[in-house]
Amino acid sequence: MKKLLLLSFPTNLTGEPITYTLIKNYDLKINILRASIDYNIEGSLFLEVDGLEEKINLSIEYLKIVGVKVKVIKTAITINEDECVNCGACTSICEVGALTMSDDWKISFHKDRCLDCKLCIKACPVRAIASIV
């Protein structure tokens with residue numbers, strides 16, 4: 757199972773080996789998608805975690821106990837279908853195939869493939885794509 761987690765660290769935890777603990781104690785594969793962490797300053801970490809559902813849930817509980825704010829993210833981007841003109845500009849820039857054009861010429865979003873690179877946001881000429889993280 758894979759989940760996207762947005763972690764917010766208080767200043768006293770920015771020097772702690774949080775990701776190491778998640779890997780070692782909960783046997784999770786961690787893919788860091790975005791990070792903004794400075795020692796002794798609040799930080800944030802956007803992760804894709806892969807592992808057994810039970811272990812992911814236990815790791816989330818651990819994070820909350822030590823003082824990390826955890827938000828489970830369903831998808832990193834959102835597409836406003838009322839504004840989208842289905843031009844396909846976003847599909848040409850998406851190297852992982854998270855955005856594709858269906859047979860009926862509509863944009864399809866495959867959230868499980870999205871790596872939150874945000875290139876599609878810049879490529880969209882009508883600004884119908886936005887980041888939720």
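Each residue of the sequence shown is one higher than the last, beginning at 757 in my numbering. Cβ atoms here follow ideal geometry from the backbone N, Cα and C, with glycine treated the same way. Just so it is clear, the structure is predicted and the values come from calculations on it, not from any experiment.
- For the region 817 to 855, the full-length alpha helix (DSSP H) segments reaching 4 residues or more read 845 to 849 along the chain.
- Nearest Cα to Y795 within the set Y782, E817, N813, E772: E772.
- With respect to the C-alpha of N836, the residue from P881, N813, L761 having the closest C-alpha is P881.
- Between the region 832 to 852 and the region 865 to 874, the count of Cβ pairs shorter than 8 Å is three or higher; the stretches touch.
- In this chain, the beta strand (DSSP E) harbouring I863 covers 863 to 865.
- Burial state of Y776 is exposed, judged by a 10 Å Cβ sphere holding fewer than 16 other Cβ atoms.
- For L875 against I849, the beta-carbon gap comes to about 5 Å, under 8 Å, which counts as contact.
- Only exposed fits A791, as fewer than 16 other CB atoms lie within 10 angstroms of its CB.
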